[in-house]
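For reference, the structure is listed below as structure tokens.
There are 2 protein chains.
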Amino acid sequence: MTTRLPAPLPDSPVYRDVQDAARRIEGYAHRTPVLRSRMLDEALGVETYFKCENFQRTGSFKFRGAFNALSRFTPRQRAAGMVSYSSGNHSQAVARSAQLLGIPATIVMPLDAPASKLAATKGYGGEIVTYDRYEGDPAQIAGALAAERGLTLVPPFDHPDVIAGQGTVTKELLEETGPLDALFVPLGGGGLLAGAALAVGALAPGCELFGVEPEAGDDGRQSLRRGEIVRIEAPRTLADGAQTTEIGAYNFDILRRTVSDIITAPDDALVEGMRDFATYLKLVVEPTGCLGLAALRERAARWRGKRVGVLVSGGNADLERYARLLAG
Amino acid sequence: MTTRLPAPLPDSPVYRDVQDAARRIEGYAHRTPVLRSRMLDEALGVETYFKCENFQRTGSFKFRGAFNALSRFTPRQRAAGMVSYSSGNHSQAVARSAQLLGIPATIVMPLDAPASKLAATKGYGGEIVTYDRYEGDPAQIAGALAAERGLTLVPPFDHPDVIAGQGTVTKELLEETGPLDALFVPLGGGGLLAGAALAVGALAPGCELFGVEPEAGDDGRQSLRRGEIVRIEAPRTLADGAQTTEIGAYNFDILRRTVSDIITAPDDALVEGMRDFATYLKLVVEPTGCLGLAALRERAARWRGKRVGVLVSGGNADLERYARLLAG
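Chains as they are written, first to last, in this note's numbering: chain A, 1 to 328; chain B, 1 to 328.
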């Protein structure tokens with residue numbers, strides 16, 4: 001485990017950047033619905049609002065940040081192309097965004113990424129460069145490709161434009177619900193949560209904001225406690241979207257100043273969450289997308305009678321695996 | 001197999017009754033979302049609009065017809081109470097509607113109804129009278145209870161107010177999408193389809209209307225061909241919401257004059273539909289709710305480039321069974 005200090009970040013995004021991102025993604029990203037379940041509300045004793053990014057293009061919120069970042073490219077950057085890396089939802093999001101904007105896309109993905117995600121990324125016209133998960137560092141490979149081929153690097157979360165794009169999720173939620181008492185947000189690298197912090201600060205300053213990590217990988221909580229980014233081994237968890245080893249520098253720069261707390265949920269609570277989403281809301285949600293509900297469920301007594309938002313980050317569950325988990 | 005002629009039905013509902021029903025259920029029933037999937041559209045080559053009644057109160061469209069029928073009770077009928085029968089979604093819908101309107105509810109259900117449905121119905125305050133599925137006739141038992149106790153009988157589909165209520169599904173859909181080229185509707189007793197016919201006739205007269213039955217129980221298709229209601233043995237199919245033995249008289253009176261055709265889908269196509277809903281739309285849909293998509297999928301070439309609506313009737317799948325089917 002190593003630690004490093006957050007750099008001073010003069011170009012940290014602010015709410016104005018979220019507003020600009022909202023204008024850029026309009027007509028490309030879906031304005032996803034906010035859903036509720038009376039029966040689940042009664043079971044929890046909490047008035048709960050679910051922002052459903054499982055309905056987003058490419059199946060997760062990642063499309064927002066990717067599209068926002070790419071749409072700011074100069075004509076020269078567009079022509080030269082972009083490179084990114086991810087084993088999960090970001091690769092599909094960035095490949096699709098690049099396709100829509102006519103930008104050549106190269107994506108660095110692990111050799112053993114799910115076949116469905118490799119196929120989806122390829123289907124969006126992305127060139128895939130594979131690497132061995134246990135040997136190579138994808139960020140490094142992507143960085144080398146960027147230098148070599150003159151491509152612009154779009155990292156999956158540690159980037160002002162990506163954070164601003166993800167902030168539109170919470171902006172839309174709060175515009176629809178009005179101020180909430182609390183908001184629970186899945187936390188991996190911190191893009192969704194940092195974006196949420198910007199929107200909460202502007203639209204619902206009294207709202208408590210919680211990042212929720214898998215119990216197996218609580219680097220975010222550790223980082224918040226220590227006041228510096230803590231790096232861990234990739235955690236073993238069902239929440240594959242939150243298997244990050246450290247929070248981004250831009251992300252942490254915002255989180256340390258804004259979140260009420262970072263909390264965790266164990267894998268079995270994520271499975272319970274998947275079952276709740278299927279039963280009460282008739283929604284297919286991937287394990288990472290259940291982090292918020294799982295954490296709220298455990299703390300429902302604390303929020304009794306309050307109005308609470310939960311960000312549902314995505315729905316790209318492998319169907320066989322999803323069915324197996326649902327069967328319990 | 002026996003047949004009987006449809007009675008002449010002077011009180012057959014018309015579109016005006018659907019409009020009245022829409023006013024009555026407003027604020028009680030959800031105006032459910034119309035969802036689309038670009039990827040599924042590309043796969044089918046059809047511009048497809050899914051009206052998602054799996055998000056409706058009590059998990060299916062049945063709430064609309066039940067609430068509409070009960071809200072027309074006189075004060076005397078309200079005080080005396082109602083009786084109905086169903087092993088499925090109608091019992092929950094009618095129990096919940098009665099609870100909201102303060103009407104005592106008695107529901108006749110088979111002894112071996114799923115525990116979850118018995119519990120849900122009881123949870124809404126309904127008194128449950130059980131019977132042996134292989135011995136008793138639920139309609140007869142309910143009729144006897146109505147006579148004995150002075151209760152008003154609300155049948156699950158063969159009733160003008162129930163049909164008018166179900167018509168609000170298609171009214172909402174067409175108001176949102178404008179005229180469509182075709183509409184695919186699950187068919188059991190014919191409440192949803194007859195209601196759809198009224199709305200289509202008023203709002204999209206050029207739209208072709210298809211009822212979709214499980215292949216194992218094509219009494220509707222037979223009835224349409226013969227021009228009279230055909231009664232069959234309860235079919236063995238995954239589509240438990242369409243295990244009816246005959247179409248209702250009011251329903252058939254409308255259908256024979258309005259539908260383009262009645263078609264069928266085999267059970268394995270329903271499972272494919274469930275998988276499509278989970279993969280592309282991130283929705284949990286019960287097998288009966290997949291009838292429309294399954295039928296469209298088989299005929300996609302015929303509707304290439306057209307705008308087609310599909311009614312998704314409900315999402316009350318037993319979770320274990322749902323997971324088993326999804327795993328394939």
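All C-beta atoms in this analysis are idealised placements derived from N, C-alpha and C, irrespective of residue type, glycine included.
Going along chain A in order, which residues have a C-beta closer than 8 Å to the C-beta of residue i?
i      : result
P186/B : None at all; the shortest Cβ gap to chain A is about 16 Å.
R275/B : L319
Is there a C-beta anywhere in chain B that falls below 7 Å from the one on residue i?
i      : result
L40/A  : no
P235/A : no
L203/A : no
G123/A : no
N54/A  : yes
DSSP three-state call for residue i: helix, strand or coil?
i      : result
C52/B  : strand
T3/A   : For T3/A, the predicted structure reports a pLDDT of 48, less than 50, and the residue's modelled location is therefore unreliable. A value from the coordinates is still provided. In this structure, T3/A counts as strand in the three-state DSSP scheme.
L70/A  : helix
A182/B : strand
S86/A  : coil
L153/A : strand
V34/A  : strand
V285/B : coil
S12/A  : coil
A113/B : coil
I141/A : helix
G273/A : helix
A29/B  : strand
What residue range is occupied by the uninterrupted alpha helix (DSSP H) comprising residue i?
i      : result
F252/B : 249-258
Y15/B  : 15-25
V334/A : There is no way to answer for residue 334/A, as the model of chain A reaches only from 1 to 328.
A80/A  : 75-80
T168/B : 160-177
L198/B : 191-203
L293/A : 291-298
G220/B : 219-226
Y322/B : 319-327
Taking C-beta pairs closer than 7 Å, name the residues in chain B that residue i reaches, listed in chain order.
i      : result
P33/A  : P33
T279/A : L319
For the beta strand (DSSP E) that contains residue i, what are its first and last residues?
i      : result
D261/B : 261-265
R307/A : 307-312
A93/B  : Not the beta strand (DSSP E): A93/B falls in the alpha helix (DSSP H), residues 89-101.
P214/B : 208-214
E127/B : 127-131
A105/A : 105-110
Kindly indicate if chain A contains any beta-carbon less than 7 Å away from that of residue i.
i      : result
K282/B : yes
M1/B   : Residue placement at M1/B cannot be trusted, given a pLDDT of 45 that sits under 50; what the coordinates show is reported in the next sentence. No, its Cβ sits nowhere closer than 7 Å to a Cβ of chain A.
G315/B : yes
A113/B : no
Nearer than 6 Å: is that true of the beta carbon of residue i relative to any heavy atom of the ligand SAH?
i      : result
N251/A : As for the ligand SAH, it is missing from this structure, which has no ligand bound.
Residues of chain A with CB closer than 7 Å to the CB of residue i, please, in chain order.
i      : result
R324/B : A327
E320/B : A327
Under 8 Å Cβ-Cβ, which residues of chain B neighbour residue i?
i     : result
F63/A : The contacting residues do not exist; F63/A stays about 12 Å from chain B at best.
Check your understanding: Three or more C-beta pairs closer than 8 Å, one from the region 161-181 of chain B and one from the region 74-84 of chain B: is that the case here?
Key -> no
Check your understanding: Counting Cβ pairs, one atom from each stretch, are 3 or more of them under 8 Å apart for the region 297-306 of chain B and the region 316-323 of chain B?
Key -> no
Review point. Does the region 81-91 of chain A come close enough to the region 106-122 of chain A to have 3 or more Cβ pairs within less than 8 Å?
Key: yes
Review point. Can we say the region 125-140 of chain B touches the region 31-40 of chain B, given the rule of at least three CB pairs closer than 8 Å?
Key: no
Practice item. Decide yes or no for the touch test of the region 106-125 of chain A against the region 184-191 of chain A: beta carbon pairs closer than 8 Å, at least 3 of them. Key: no
Practice item. Spell out a yes or no on whether the region 239-253 of chain B and the region 275-295 of chain A are touching, meaning 3 or more CB-CB pairs, one atom from each, closer than 8 Å. Key: no
Check your understanding: Is the number of C-beta pairs between the region 121-135 of chain A and the region 157-176 of chain A that are closer than 8 Å three or more?
Key -> no
Exercise for review: Kindly confirm or deny that the region 257-266 of chain A and the region 143-153 of chain A touch, where touching means at least three C-beta pairs closer than 8 Å.
Suggested key: no
Review point. Does the pairing of the region 60-67 of chain A with the region 87-94 of chain A give three or more beta-carbon distances under 8 Å?
Key: yes
**Study point:** Three or more C-beta pairs below 8 Å linking the region 164-177 of chain A and the region 18-26 of chain A
**Key:** yes
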